[in-house]
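Top to bottom, those sequences are chains E and Z.
Under the numbering used here, think of the first position of the first sequence as 94, with each following residue one higher.
Under the numbering used here, think of the first position of the second sequence as 94, with each following residue one higher.
Even glycine gets a Cβ: it sits at the ideal position worked out from N, Cα and C.
There are 2 protein chains.
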Amino acid sequence: MTEEEYLKTYDSSEFQKPSVAVDLVLFTVRKEELQVLLTEREQYPYIGRPALPGVFVRMEETLDEAAQRALYQKTGLHDIYFEQLYTWGGLDRDPRMRIISVSYYALVPESQIPETEQKKFFPVREILQREDIAFDHREIIAYGRERIRNKVSYTDIAFSLVPEEFTLPQLQKIYEILLGQKLYKANFRKKIADKIYQTEHFTSGTKHRPSRIYRKKD
Amino acid sequence: MTEEEYLKTYDSSEFQKPSVAVDLVLFTVRKEELQVLLTEREQYPYIGRPALPGVFVRMEETLDEAAQRALYQKTGLHDIYFEQLYTWGGLDRDPRMRIISVSYYALVPESQIPETEQKKFFPVREILQREDIAFDHREIIAYGRERIRNKVSYTDIAFSLVPEEFTLPQLQKIYEILLGQKLYKANFRKKIADKIYQTEHFTSGTKHRPSRIYRKKD
DNA sequence: TATAGCAAGTAGCAAATTAATACTAACTTA
DNA sequence: TAAGTTAGTATTAATTTGCTACTTGCTATA
């Protein structure tokens, strides 16, 4: 029997195992910037430092369920877009013990944000140049931003960052922020024309021409 | 309580933990098809069934290292393209116990394939309609193929499936198989022109015009 | 030693998409 | 009523992609 075969048949309880956690990168767009929810750590290690919200995975819940739980516990939110990001397995991620962290990211429109003293949004741009973020969470956030940047162009994830009813200038702004570049108005509209439908309503109270309100198809 | 005191009192073993494994999806292109390496399971569960090669993650190795180890143990290969795919955390993936599997995929040119009786390549197309694949490995393979299909168009992963020296018809065929569609010769060449450089060599022994041999830039 | 067969490789145009600019429309405020 | 401001549309240029037809260099065979 090879070593590998031996390992596969062992009684799992006799061996040391890593802990498995889920960390959540909750993105929103606010003040023309991509932002992420960070909590203040209340325990060692990294006490007092900003960190991603996370939970340990329980034996009776799937990873997706753990991610949902983290989302709900920390934000009260439900039914928003989320997806697995990457699994981080470095040896010294946590000084207490070996922890493998399965990261998820979620996208939420600005309006739904329930901030508290312990849980605040910070611009990604700012986070990435700070030195005080707990664990490897800065790296996770950077990776998440990259994933979003890629997916924006070939999926509809941008719609998850906008309310059900939105204007095209609003939606375009989201695309621009995620992609990190200006887009041409006319071209942008041609491209998403088949993914949306117009309502009979318009914005009001603006100093200029009102813009039509749209909804996503399906 | 100081940080030091806290670390001393923290006993990570009081909680039950899932086991963590790494499963490897080794892709190659052979006989004009995308194929995957499967091993025959020699133990319960799913004894005798085809499964992805995998190992349990050791406490002293990272996930990437475990994936490398699986790759090397099962194939003797080293230094080939590999990347984390997805982490599978369903409750009943394995009847023995809760196992969380971090899947990786790797790409290898056909020439380097070391097959044995226990380790053979199978066409993905065929695998996906079989019912006897162990665990949730069929799903993992399908997911891997999807990932590749996406990444082909915006990265250079296709080059990992071809030897260092290759012809353009050869490379084009790889793209076509990964994308699942025919490409136009002239356009294909324009598109990858800046990623390759020509050598002074040509194929020989063909019944027709020889094709020039190229290499990837960088 | 032609010439037919065959895949490699190139030229070039049509169609569609993307880049870019300029315009018109609808509102508020002075 | 005019100026300011952003929404929305029209239009053209540039680039990319879709597609067809051609030329090239080899082998096999007549």
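Self-check item: Counted within 10 angstroms of its Cβ, other Cβ atoms place Thr-248 of chain E as buried (16 or more) or exposed
Solution: Mapped onto the first sequence, residue 248 of chain E falls at position 155. That one is exposed.
Practice problem: Could you say which of Z:Gly-273, Z:Leu-221 and Z:Ile-233 lies nearest to Ser-246 of chain Z if we only look at CA atoms? | Solution: Position 153 of the second sequence, counted from the start, is the residue given in the question as residue 246 of chain Z. Of the candidates Z:Gly-273, Z:Leu-221 and Z:Ile-233, the residue whose Cα lies closest to the Cα of Ser-246 of chain Z is Z:Gly-273.
Exercise. Spell out a yes or no on whether the region 232 to 247 of chain Z and the region 150 to 162 of chain Z are touching, meaning 3 or more CB-CB pairs, one atom from each, closer than 8 Å.
Key: Contact between the region 232 to 247 of chain Z and the region 150 to 162 of chain Z is absent: fewer than three C-beta pairs spanning the two stretches fall below 8 Å.
Practice problem: Compare the C-alpha of Glu-295 of chain E against each of E:Arg-282, E:Thr-260 and E:Gly-141 and name the closest. | Solution: Looking up residue 295 of chain E in the first sequence gives position 202. Sequence check: residue 295 of chain E is Phe here, not Glu. Out of E:Arg-282, E:Thr-260 and E:Gly-141, E:Thr-260 has the C-alpha closest to the C-alpha of Phe-295 of chain E.
Quiz prompt | Strand pairing of Tyr-290 of chain E, partner residues [DSSP] | solution = Here the question's residue 290 of chain E lines up with position 197 in the first sequence. Beta-bridge pairing links Tyr-290 of chain E to E:Arg-308.
Practice problem: Mark Leu-184 of chain Z as exposed unless 16 or more other C-beta atoms lie within 10 angstroms of its C-beta, in which case mark it buried. | Solution: Taking the first residue of the second sequence as position 1, residue 184 of chain Z is located at position 91. Leu-184 of chain Z comes out exposed.
Quiz item: Between Z:Glu-133, Z:Leu-145, Z:Val-122 and Z:Ile-241, which lies nearest to Asp-229 of chain Z when the distance is taken from Cα to Cα?
Solution: Here residue 229 of chain Z refers to the residue found at position 136 of the second sequence. Selected option, being the one with the closest Cα: Z:Leu-145.
Exercise. Check the Cβ-Cβ distances between Thr-180 of chain Z and every residue of chain E, and say whether any is below 8 Å.
Key: Counting from 1 along the second sequence, the entry for residue 180 of chain Z is found at position 87. Nearest CB-CB separation between Thr-180 of chain Z and chain E: below the 8 Å threshold.
Quiz item: What residues of chain Z sit near Gln-161 of chain E, judged by a beta carbon separation below 9 Å?
Solution: To locate residue 161 of chain E, count along the first sequence from 1; it is residue 68. Residues of chain Z passing the Cβ test: none, with the nearest at roughly 12 Å.
Exercise. At 3 residues or longer, and completely inside the region 182 to 258 of chain E: list those beta strand (DSSP E) runs for me, N to C.
Key: You should have 192 to 200 and 212 to 216.
Exercise. Would you mind reading off the limits of the alpha helix (DSSP H) that contains Phe-281 of chain E?
Key: Taking the first sequence and counting its residues from 1, the one referred to as residue 281 of chain E is at position 188. For Phe-281 of chain E, the uninterrupted alpha helix (DSSP H) run begins and ends at 278 to 285, by DSSP.
Quiz item: Taking Cβ positions only, does Arg-191 of chain Z come closer than 8 Å to chain E?
Solution: The residue you call residue 191 of chain Z lines up with position 98 of the second sequence. By this cut-off, Arg-191 of chain Z is an interface position.
Quiz item: For Gly-147 of chain E versus Val-115 of chain E, is the C-beta distance shorter than 8 Å?
Solution: Against the first sequence, residue 147 of chain E aligns to sequence position 54. Against the first sequence, residue 115 of chain E aligns to sequence position 22. Result yes, Cβ atoms of Gly-147 of chain E and Val-115 of chain E sit closer than 8 Å.
Exercise. Alpha carbon to alpha carbon, how far is Tyr-307 of chain E from Leu-131 of chain Z? Give it in angstroms, no decimals.
Key: One-based indexing of the second sequence puts residue 131 of chain Z at position 38. One-based indexing of the first sequence puts residue 307 of chain E at position 214. Distance between the alpha carbons of Leu-131 of chain Z and Tyr-307 of chain E: 49 Å.
Quiz item: Within 10 angstroms of its Cβ, does Ala-227 of chain E collect 16 or more other Cβ (buried), or is it exposed?
Solution: Locating residue 227 of chain E in the first sequence gives position 134, counting from the first residue. Ala-227 of chain E is buried by the Cβ-count criterion.
Exercise. Check Glu-176 of chain Z in the structure and name its three-state DSSP category.
Key: Within the second sequence, residue 176 of chain Z is the residue found at index 83, counting from 1. In this structure, DSSP gives Glu-176 of chain Z an extended state, which the three-state scheme calls strand.
Quiz item: Does DSSP classify Thr-155 of chain E as helix, strand or coil?
Solution: Within the first sequence, numbered from 1, the residue matching residue 155 of chain E stands at position 62. Looking at Thr-155 of chain E - three-state DSSP - the assignment turns out to be coil, as it is neither helix nor strand.
Quiz prompt | Selection of the region 190 to 219 of chain E by Cβ proximity to chain Z, strictly under 7 Å | solution = Met-190, Arg-191, Ile-193 and Val-195
Practice problem: Work out the CA separation of Val-150 of chain E and Gly-182 of chain Z for me, nearest whole Å. | Solution: Position 89 of the second sequence, counted from the first residue, corresponds to residue 182 of chain Z. Position 57 of the first sequence, counted from the first residue, corresponds to residue 150 of chain E. Approximately 10 Å between the Cα atoms of the pair.
Practice problem: Let me know the secondary structure DSSP gives Glu-135 of chain E once reduced to three states. | Solution: For the purposes of this step, residue 135 of chain E is identified with residue 42 of the first sequence, where counting begins at 1. If DSSP states are grouped into helix, strand and coil, Glu-135 of chain E belongs with coil.
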